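In this note's numbering, the protein residues as written are 11 to 111.
For every residue, glycine included, the Cβ atom is placed at its ideal position computed from N, Cα and C.
Quick caveat: nothing in here was measured; it's all calculated off a predicted structure.
Shown next, in structure tokens, is the structure this report addresses.
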């Protein structure tokens, strides 16, 4: 069970403290999308960008004016981001293999 929670905990440690780091996957997926034109990659870039804005709002206490120590929303957001990101990567790998053939 700990193995499944590790990526979520790592994401929490990184993105809650420094929400601007969520722009890194956004930029990477935008760069990959420009080359591949695969819609899942664009979806991943958009979702990561929205998350970066959302987490910055939480960090600056714009979206959360009270005590935000318990972030139940992240139990949905992080798995969604991981799933969409992995889906985009698999899509790009298939696109690359098809392009090489």
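Here residue 32 carries a helix assignment [DSSP, helix/strand/coil].
Minimum Cα-Cα distance from residue 57 among the listed residues 104, 34 and 46 corresponds to 34.
The DSSP assignment places 33-46 and 49-69 as complete runs of the alpha helix (DSSP H) inside the stretch 31-88, in order along the chain (cut-off: 4 residues). A residue is called buried when at least 16 other Cβ atoms come within 10 angstroms of its Cβ; residue 21 meets this threshold and is buried.
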